[in-house]
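Take the sequence shown: its letter number 35 is residue 35 in the numbering used here, and every next letter is one higher. Cβ atoms here follow ideal geometry from the backbone N, Cα and C, with glycine treated the same way. Heads up: the structure comes next, in structure tokens.
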Amino acid sequence: IRTTRANTPALYTADDAFPIGGSKVVRGGGSDDRVAVIAAGITLHEAAKAADDLAKGGLRVRVIDAYSVKPIDGEALAAAAKATGGRIVVVEDHWPEGGIGDAVLAALADRGVRDLRYRHLAVRKMPGSGKPAELLADVGIDATAIAKAVRELAA
1 IRTTRANTPA LYTADDAFPI GGSKVVRGGG SDDRVAVIAA GITLHEAAKA ADDLAKGGLR
61 VRVIDAYSVK PIDGEALAAA AKATGGRIVV VEDHWPEGGI GDAVLAALAD RGVRDLRYRH
121 LAVRKMPGSG KPAELLADVG IDATAIAKAV RELAA
């Protein structure tokens, strides 16, 4: 879906580098991460909100900004899968086919990662009109939907 971006907090400074094929961990990154959430663009902000809310209840989430999709940072994804016992949530603001979810699964398969507990949150119906937050919620890619998917995998 395409929406105007709400006033979101800056995650990076003007000095941050974004090499092609890279990614950035914006939440978590420690050995106590239970689930990894991979997102980009507006869904990254939703994933960060979900992680912050879940952390209040003691559930640690690694949020990865997949700012480079082609090529995607397969090494970081494989490390996240290993650290979280294969618990991965991918969130994207378009149809599931041919997007970040497919790139994540291909990168993990290429690195021999097989045992996954995986959720793919993507647009699966024709979006309507509304405010950005309403549209994200309607198609199931807002912070609430992300937190629900994380809790299901962590259970």
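Do three or more CB pairs link the stretch 77 to 85 to the stretch 34 to 52 at distances below 8 Å? With a cut-off of 8 Å, the stretch 34 to 52 and the stretch 77 to 85 count as touching, because enough Cβ pairs lie within range.
Can you tell me whether residue 119 is buried or exposed? The criterion is at least 16 other CB atoms within 10 Å of its CB, across all chains shown. Classification for residue 119: buried.
Option in 109, 17, 51 with minimal Cα separation from residue 28: With distances taken between Cα atoms, residue 28 lies closest to 51.
Sequence-distant residues of its chain with Cβ nearer than 6 Å to residue 123 (five each side left out): 1, 94, 95, 139, listed in sequence order.
Answer yes if the stretch 101 to 110 comes into contact with the stretch 8 to 20, meaning at least three C-beta pairs across the two stretches below 8 Å, and no otherwise. Counting C-beta pairs closer than 8 Å gives fewer than three between the stretch 8 to 20 and the stretch 101 to 110, which falls short of the contact rule.
For the candidate residues 57, 22, 23, 24, whose alpha-carbon lies nearest to that of residue 34? The shortest Cα separation from residue 34 among 57, 22, 23, 24 belongs to 57.
Just verifying my parser: in three-state terms, what is the DSSP assignment at residue 105? Note: residue 105 maps to helix in three-state DSSP.
Local conformation of residue 34 per DSSP, three classes: Here residue 34 sits in coil by DSSP.
Decide if residue 8 is buried, meaning its Cβ has at least 16 other Cβ atoms within 10 Å, or exposed. Under this definition residue 8 is an exposed residue.
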